[in-house]
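Novice: Taking the numbering used here, I'd label the letters of the sequence shown as residues 6 to 217. Once you've had a glance at the structure underneath, I'll fire off some questions.
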Amino acid sequence: MSEQSSKDKVYESYDKIVDWYDAHRSRDLFEKPYLDAVCDEIRRSSKKILDLGCGTGEPIARHFIEQGFAITGVDASVKMVELARQRFPEQRFIVDDMRTLALDETFDAILAWHSFFHLPPDDQRAMFKVFENHLQVGGVLLFTTGSSEGEVWSDNGGQNLYHASLSLAEYQYLLALHHFTVLTHKVADPDCGGATVWLVKYTHKPIHYADH
């Protein structure tokens, strides 16, 4: 019988299954068309990528590193980060919770591939400010969600992991509210493991007027 993860601390379950996850995570890179779209958008930039929920760094961080991009990986799973550091010692990997992340820098791209959807609905809503705070104007955000609104659990290595999704309309609202323009949105892409994928561009910083 699988053990059910906490809604708020899915990363604790990943600590328990790090070896299983690393052995079973596909290296086929079916995500490549979306990863290449990110590369195309930021190739002429400083090539700094923030990978939220980076896991062990395989295969996504590796793909970008091999393309010459600098990765800052963030994951709340200590064991996942330990493995990523062993694999890519020249890159930066941080143990932290993406929900409270406050790095004093911005990036050309943010990835939240198969990580953002482990957050409860209210935490997902709050994440768009975190994305905004860590992206340069003109930078892109690549993230995945569920295909429809709701909460589900799925077994992974004996751990029953929590997933959640807002509605399509609410994601569109939140993106517009935080100054993102949708470049690509694909629901349940059959060529990408059934992932629902969003690639969006951060168009401008909000203007804050002083009180008079």
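Glycine residues also receive a C-beta, built at the ideal position from the N, C-alpha and C atoms. Just so it is clear, the structure is predicted and the values come from calculations on it, not from any experiment.
Looking at Thr77 and Leu108, is the spacing between their C-beta atoms short of 9 Å?
Specialist: Yes, the Cβ-Cβ distance between Leu108 and Thr77 is below 9 Å.
Novice: Quick check on the DSSP output: the alpha helix (DSSP H) that includes Trp158 runs from which residue to which?
Specialist: Taken as a continuous stretch (DSSP letters only), Trp158 belongs to no alpha helix (DSSP H), being part of the beta strand (DSSP E) at Gly155 to Asn161.
Novice: Answer yes if the segment 158-175 comes into contact with the segment 23-33, meaning at least three C-beta pairs across the two stretches below 8 Å, and no otherwise.
Specialist: Yes: at least three Cβ pairs fall under 8 Å.
Novice: Between the alpha carbons of Gln91 and Arg67, how many angstroms are there, rounded?
Specialist: Approximately 12 Å, taken between the alpha carbons.
Novice: Could you give the DSSP three-state label for Met6: helix, strand or coil?
Specialist: With a pLDDT of 44 at Met6, under the threshold of 50, the modelled position of that residue is not reliable, and the figure given next carries that caveat. If DSSP states are grouped into helix, strand and coil, Met6 belongs with coil.
Novice: Which value, in whole angstroms, describes the spacing of the CA atoms of Ala89 and Lys14?
Specialist: Cα-Cα distance, rounded: 20 Å.
Novice: Using 8 Å as the cut-off, can you tell me whether the segment 121-134 makes contact with the segment 165-175, which would need three or more C-beta pairs spanning the two stretches below that distance?
Specialist: Contact holds: three or more Cβ-Cβ distances are below 8 Å.
Novice: Report the three-state DSSP secondary structure of Arg97 (helix, strand or coil).
Specialist: In the structure shown, Arg97 sits in a strand (DSSP, three-state: E or B).
Novice: Going by DSSP, what residue range makes up the alpha helix (DSSP H) through Asp24?
Specialist: Asp24 -> alpha helix (DSSP H) spans Val23 to His29.
Novice: By alpha-carbon positions, which one of Phe74, Phe98 and Phe69 ends up nearest to Val83?
Specialist: Measuring from the Cα of Val83, the nearest candidate turns out to be Phe98.
Novice: Could you tell me the alpha carbon to alpha carbon distance between Trp203 and Gly73, rounded to whole angstroms?
Specialist: If I take the Cα positions, the gap works out to 23 Å.
Novice: At the level of alpha carbons, what is the spacing between Ser153 and Leu173?
Specialist: If I take the Cα positions, the gap works out to 7 Å.
Novice: Using the three-state DSSP reduction, which class does Ala81 fall into: helix, strand or coil?
Specialist: Here Ala81 sits in coil by DSSP.
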